Structure formats: C-alpha cells, structure tokens
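Take a look at the structure set out below.
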Amino acid sequence: MQLTDFEKSVYNACSKIRKGRVSTYFEIAKAIRNPKASRAVGNALNKNPFRSVPCHRVVCSDGKLGGFVNGPRKKKSLLEQEGVAIEKGRIADFKNAFQPLC
DNA sequence: CTAATGACCATTA
DNA sequence: ATAATGGCCATTA
C-alpha cells in the first residue's frame with residue numbers, strides 16, 4: 001500500500017467522522033494543516049484503500065454530495081442509511097449534520 | 001523534469 | 001438563484 005503521509009492524514013481525519021455526521025473536503029484539508037489542498041483530499045479519498053474509512057460521509061462545502069454520486073449512486077443511500085437526511089441531492093440539515101474535525 | 005488530471009473552493013457575472 | 005473563471009494541492013503519466 002505505499003501511501004504518502006498526506007494520504008494517511010486524510011484517511012485518519014476522515015475516519016474521525018462519526019456515524020450520522022458528514023464533513024467536507026475543506027474541513028479535512030484544514031485538519032491536516034493544508035487548507036488549500038481540498039482537491040488533493042478528494043484525490044486521496046478517491047484512492048481510498050481502506051474500507052473502514054467512511055469516505056461517503058465527506059461532501060462539498062456547499063452541502064451538495066459532490067462527486068461519486070452519479071457513478072455508484074450509493075452515496076446518498078449510504079448517508080440516509082446512516083441517518084443523514086438528503087434533500088434534492090444536498091444535505092437537508094447540513095449545519096446540523098456537519099461535524100468539524102478540529 | 002514538465003504537463004495533465006481530479007470525489008474542490010471562492011469569487012465574479 | 002445558477003454559470004463560468006481562477007487558484008490551490010498532490011498524484012500520475
């Protein structure tokens with residue numbers, strides 16, 4: 001698995017997201033001390049070698065689901081399954097479900 | 001080494 | 001409100 005420190009940090013931060021909560025790429029980027037690397041965060045999650053990492057709980061800062069919605073189309077189902085309400089392709093209670101990663 | 005890609009974000013029209 | 005533009009980062013070809 002040859003992962004870089006950046007990726008490890010991304011997965012680590014992503015696994016901190018509790019069930020029924022969502023976070024954003026930007027927040028993860030902030031958590032790993034690279035606030036401008038939100039794009040790289042997305043790339044890291046795209047590789048996502050760990051199934052235990054809840055990458056589906058990560059959404060756009062706008063509250064939309066973001067990528068990988070049209071492909072597997074499971075993201076919405078997964079989030080709803082975990083208790084996150086989705087409304088018209090975006091998080092219903094985004095600020096309520098949003099979990100800052102400190 | 002340079003160039004291109006991508007699950008993004010913020011600003012501007 | 002949506003659409004387009006610029007910028008930023010890490011990985012891959």
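Numbering (the working numbering), first residue to last: 1 to 102. For glycine and all other residues, C-beta sits at the position ideal for the given N, C-alpha and C. All values derive from a computational prediction rather than experimental measurement.
- Membership of residue 47 in the alpha helix (DSSP H) is indicated by the continuous run 38–47.
- Taking a 10 Å sphere around the C-beta of residue 85, we find fewer than 16 other C-beta atoms and assign the residue as exposed.
- In the structure shown, residue 98 falls within a strand segment according to DSSP collapsed to helix, strand and coil.
- Shown here for residue 45: same chain residues with a beta carbon closer than 7 Å to its own, the five before and five after excluded, namely 10, 14, 55, 58 in chain order.
- In the structure shown, residue 57 adopts helical secondary structure according to DSSP, grouped into three states.
- DSSP lists 58 as the beta-bridge partner residues of residue 23.
- Take the alpha-carbon of residue 20 and the one of residue 90: they are about 15 Å apart.
- Pairing residue 31 with residue 101 gives a Cβ-Cβ distance under 7 Å.
- Distance from the Cα of residue 39 is smallest, within the candidate group 26, 51, 47, for 26.
- Rounded to the nearest angstrom, the gap between the Cα atoms of residue 76 and residue 65 is 8 Å.
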